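2 protein chains.
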Amino acid sequence: MSRGNRRIPDATVARLPLYHRGLLELLRSKRTTVSSEALADMTGVNAAKVRKDLSYIGTYGTRGVGYDVENLLHQIGRELGLTQNWPVVIVGIGNLGRALASYGGFSARGFRIAALLDADPTKVDQQFGDLAVRPTLDLAGIVAEHDSVIGVISTPGGAAQEVADLMVASGITSILNFSPAVLSVPDDVTVRRVDLALELQILSFHQQHRGNAAAEPIGDGDHASLLLVEHNESDSVYS
Amino acid sequence: MSRGNRRIPDATVARLPLYHRGLLELLRSKRTTVSSEALADMTGVNAAKVRKDLSYIGTYGTRGVGYDVENLLHQIGRELGLTQNWPVVIVGIGNLGRALASYGGFSARGFRIAALLDADPTKVDQQFGDLAVRPTLDLAGIVAEHDSVIGVISTPGGAAQEVADLMVASGITSILNFSPAVLSVPDDVTVRRVDLALELQILSFHQQHRGNAAAEPIGDGDHASLLLVEHNESDSVYS
DNA sequence: GAAAGCTTGTGAATGCGTGCACAATCGCCC
DNA sequence: GGGCGATTGTGCACGCATTCACAAGCTTTC
Chain B
1 MSRGNRRIPD ATVARLPLYH RGLLELLRSK RTTVSSEALA DMTGVNAAKV RKDLSYIGTY
61 GTRGVGYDVE NLLHQIGREL GLTQNWPVVI VGIGNLGRAL ASYGGFSARG FRIAALLDAD
121 PTKVDQQFGD LAVRPTLDLA GIVAEHDSVI GVISTPGGAA QEVADLMVAS GITSILNFSP
181 AVLSVPDDVT VRRVDLALEL QILSFHQQHR GNAAAEPIGD GDHASLLLVE HNESDSVYS
Chain X
240 MSRGNRRIPD ATVARLPLYH RGLLELLRSK RTTVSSEALA DMTGVNAAKV RKDLSYIGTY
300 GTRGVGYDVE NLLHQIGREL GLTQNWPVVI VGIGNLGRAL ASYGGFSARG FRIAALLDAD
360 PTKVDQQFGD LAVRPTLDLA GIVAEHDSVI GVISTPGGAA QEVADLMVAS GITSILNFSP
420 AVLSVPDDVT VRRVDLALEL QILSFHQQHR GNAAAEPIGD GDHASLLLVE HNESDSVYS
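Printed below as a string of structure tokens:
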């Protein structure tokens, strides 16, 4: 909407929050303008890429000077929809759900935790901060009370699809999924998945393929001794 | 090493853990073979992409039949280095650090939490599960005791670079960074960043650009009323 | 033992993202 | 008021990733 009419590439969307954070920092240190190169250094991005990214949302820079910090911050915030203070509902109040519930970074960046839900009756009514846990089935009612709720799933993998279905039925169209499950949802629903173990496994790959001479993998070439660590999802961060 | 001699593309590495998890599930349900299409359905990936990804690590399929679940699981696990039971050290025992410490998914997938560290003296010696929190400065000693430690940073953003420097100095070459800070490290160190607020902001973008008729952004075109939610990183998930 | 039916592995085409390089433009100074 | 240094915005070329399409190859059936 407004100026930037071209479609914004996904890769750019993923970096806009990075610039937003960098600009916030500059604002606090009273800088009024910033060059693409300075912003690039702060965010670990190539300077040309910064300029191209910003060009998708409009022409807010001044040649020979740079970008006005305050204005650019506002424009990016508007593009990202951070002016709206989106209500967030967290389903699954295990270790991770609790950590998310007390995460200052959410409320500090345009999000407001509207409710904590859990299907376990022994968890219902427990108090975290100024919110009490409510039964998962209250979801539809809560969504109806707010505009454009964003759903967060921090249940074990086994319950995730069920929760997602409930979210979709309640009218939620944006879901952040912390469970290892791969969710299937209608096309008009956006799901982002954050998988903690997966990230470690990717690191493991790099560690393994670095020259580091750590012990060779066990059972190389002989997979009779198949490693099969138990796969118990119940006593996890989710429950 | 061994068969797959070609370099494996990053995009493929990021998907291997997905296949690994899918295969684990198949193994539990006693399936002995699986086609690329079935695996694709389970993981939400295109079938041709599955085959190409797998072809990078070797030729383990049988035409007309599919892949042997047990063998493929072993091969992917070996490629990812999951046979090694990597020691993981978590620095920053706030809400998130605690959630990670009790995360069953880590120990269930080839990782073992070797130590919990925090710079705050009031946190030191607190017990979580069977581990006591130790001072951050013990890091070098702990790394020396183990092979190929993977570092996890769950401190507030302000302390992250300092912790990263300490990790690098201690010999750690793989870091998982949950803080919002952008770390600068030597080229031979791999850093992956998981930013919870960033994920929500990406969702916010999609929500905003969906046709949904939710209220237009406040202060459109007039950025005098700049949104400036307070940016207090101290009372967060990290502390 | 030949034919039919699957399924893999991969060549080739396409699309997306990245980064260089440079013209266009601005502010500043003399 | 003109020249100079700085910085943006973007055309273009390159490389990586995705997807299609199909030959190669295995198993089963008759």
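Chains as they are written, first to last, in the numbering used here: chain B, 1 to 239; chain X, 240 to 478. We treat Cβ as the ideally placed atom computed from N, Cα and C, and that holds for glycine. All values reported here derive from a predicted model rather than from experimental measurement.
Report task. For V69 (chain B), collect the residues of the same chain with a Cβ closer than 7 Å to its Cβ; drop the 5 residues on either side in sequence, then sort them by chain order. Result -> In the first sequence, residue 69 (chain B) corresponds to position 69, counting from 1. Counting only Cβ-Cβ distances below 7 Å, and skipping sequence neighbours, we find L23, L26, L27, R31, T32, T33 and V34.
Requested in this report: Measure how close the beta-carbons of L176 (chain B) and R192 (chain B) come, nearest whole angstrom, since I'm counting them as under 8 Å.
Outcome: Counting from one through the first sequence, the residue named residue 176 (chain B) turns up at place 176. Counting from one through the first sequence, the residue named residue 192 (chain B) turns up at place 192. At roughly 5 Å, the Cβ-Cβ gap stays under 8 Å, so L176 (chain B) and R192 (chain B) are in contact.
Query raised in the report: Taking the alpha-carbon positions, what's the L82 (chain B) to P121 (chain B) distance?
Result: Translated into positions along the first sequence, residue 82 (chain B) becomes position 82. Translated into positions along the first sequence, residue 121 (chain B) becomes position 121. Taking the straight line joining both Cα atoms gives about 34 Å.
Query raised in the report: Are L203 (chain B) and I247 (chain X) touching if we call contact CB-CB under 8 Å?
Result: By 1-based counting over the first sequence, the position of residue 203 (chain B) is 203. By 1-based counting over the second sequence, the position of residue 247 (chain X) is 8. No, they are not a contact pair.
Query raised in the report: Given S341 (chain X), which residues of its chain have a CB within under 8 Å of its CB, disregarding the five upstream and five downstream residues?
Result: Looking up residue 341 (chain X) in the second sequence gives position 102. Result list for S341 (chain X): F367 and G368, in chain order.
**Report entry** Range covered by the alpha helix (DSSP H) that runs through A408 (chain X)
**Finding:** Counted from its first residue, the second sequence places residue 408 (chain X) at position 169. Unbroken alpha helix (DSSP H) run through A408 (chain X): G396 to S409.
Requested in this report: May I have a chain-ordered list of the alpha helix (DSSP H) segments no shorter than 4 residues that lie completely inside the segment 330 to 378 of chain X?
Outcome: 334 to 340 and 343 to 346
Query raised in the report: Going by other Cβ atoms of all chains shown within 10 Å of its Cβ, with 16 needed for buried, is V65 (chain B) buried or exposed?
Result: One-based indexing of the first sequence puts residue 65 (chain B) at position 65. Looking at its Cβ environment, which holds fewer than 16 other Cβ atoms inside 10 Å, V65 (chain B) is exposed.
Query raised in the report: Applying the criterion that 16 or more other CB atoms from any shown protein chain within 10 Å of the CB defines a buried residue, is R317 (chain X) buried or exposed?
Result: Here residue 317 (chain X) refers to the residue found at position 78 of the second sequence. Burial call: buried.
Report task. Please classify G92 (chain B): is it buried, with 16 or more other beta-carbons within 10 angstroms of its beta-carbon, or exposed? Result -> The sequence position of residue 92 (chain B) within the first sequence is 92, counting from 1. So G92 (chain B) ends up on the buried side.
Report task. Quick one: measure Cβ to Cβ for L72 (chain B) and Y60 (chain B), integer angstroms, because I've assumed they're closer than 8 Å. Result -> Here residue 72 (chain B) refers to the residue found at position 72 when the first sequence is read from its first residue. Here residue 60 (chain B) refers to the residue found at position 60 when the first sequence is read from its first residue. Contact check for L72 (chain B) and Y60 (chain B): beta-carbon distance about 5 Å, within the 8 Å limit, so the pair qualifies.
Query raised in the report: Is E286 (chain X) close to chain B, meaning its C-beta is less than 8 Å from at least one C-beta of that chain?
Result: Here residue 286 (chain X) corresponds to residue number 47 of the second sequence, with the count starting at 1. Note that residue 286 (chain X) is Ala in the sequence shown here, rather than Glu. Chain B contact via Cβ: absent.
Query - CB of A164 (chain B) within 8 Å of CB of L183 (chain B), strictly - result: Along the first sequence, one-based indexing puts residue 164 (chain B) at 164. Along the first sequence, one-based indexing puts residue 183 (chain B) at 183. Going by C-beta atoms, A164 (chain B) is nearer than 8 Å to L183 (chain B).
Report task. Counting only runs of 3+ residues fully inside the segment 46 to 91 of chain B, write out the beta strand (DSSP E) ranges in chain order. Result -> 66 to 68 and 86 to 91
Query raised in the report: Is the CB of Q127 (chain B) under 8 Å away from at least one CB in chain X?
Result: Looking up residue 127 (chain B) in the first sequence gives position 127. Interface residue (Cβ-Cβ distance to chain X less than 8 Å): Q127 (chain B) is not classified as such.
**Report entry** Whole-angstrom distance between V194 (chain B) and H385 (chain X), CA atom to CA atom
**Finding:** Mapped onto the second sequence, residue 385 (chain X) falls at position 146. Mapped onto the first sequence, residue 194 (chain B) falls at position 194. Rounded to the nearest angstrom, the two C-alpha atoms are 28 Å apart.
Requested in this report: Would you mind working out which of X:P374, X:D426, X:H445 and X:S393 sits nearest L435 (chain X), comparing C-alpha positions?
Outcome: Start at 1 with the first residue of the second sequence, and residue 435 (chain X) comes out as number 196. Taking only the C-alpha atoms, the option nearest L435 (chain X) is X:S393.
Requested in this report: Quickly, what does DSSP pair T190 (chain B) with across the bridge? List them, please.
Outcome: Here the question's residue 190 (chain B) lines up with position 190 in the first sequence. The partner list for T190 (chain B) (beta bridge, DSSP) reads B:S174.
Report task. Indicate the three-state DSSP secondary structure (helix, strand or coil) for G141 (chain B) in the structure shown. Result -> Here residue 141 (chain B) refers to the residue found at position 141 of the first sequence. Helix, per DSSP.
Requested in this report: Have a look at H20 (chain B) and L80 (chain B) and give me their C-alpha separation to the nearest angstrom.
Outcome: Position 20 of the first sequence, counting from 1, holds the residue named residue 20 (chain B). Position 80 of the first sequence, counting from 1, holds the residue named residue 80 (chain B). Computed Cα separation, rounded: 9 Å.
Query raised in the report: Helix, strand or coil for I247 (chain X) per DSSP?
Result: Numbered from 1 along the second sequence, position 8 holds the residue referred to as residue 247 (chain X). In the structure shown, I247 (chain X) sits in coil (DSSP, three-state: anything other than H, G, I, E or B).
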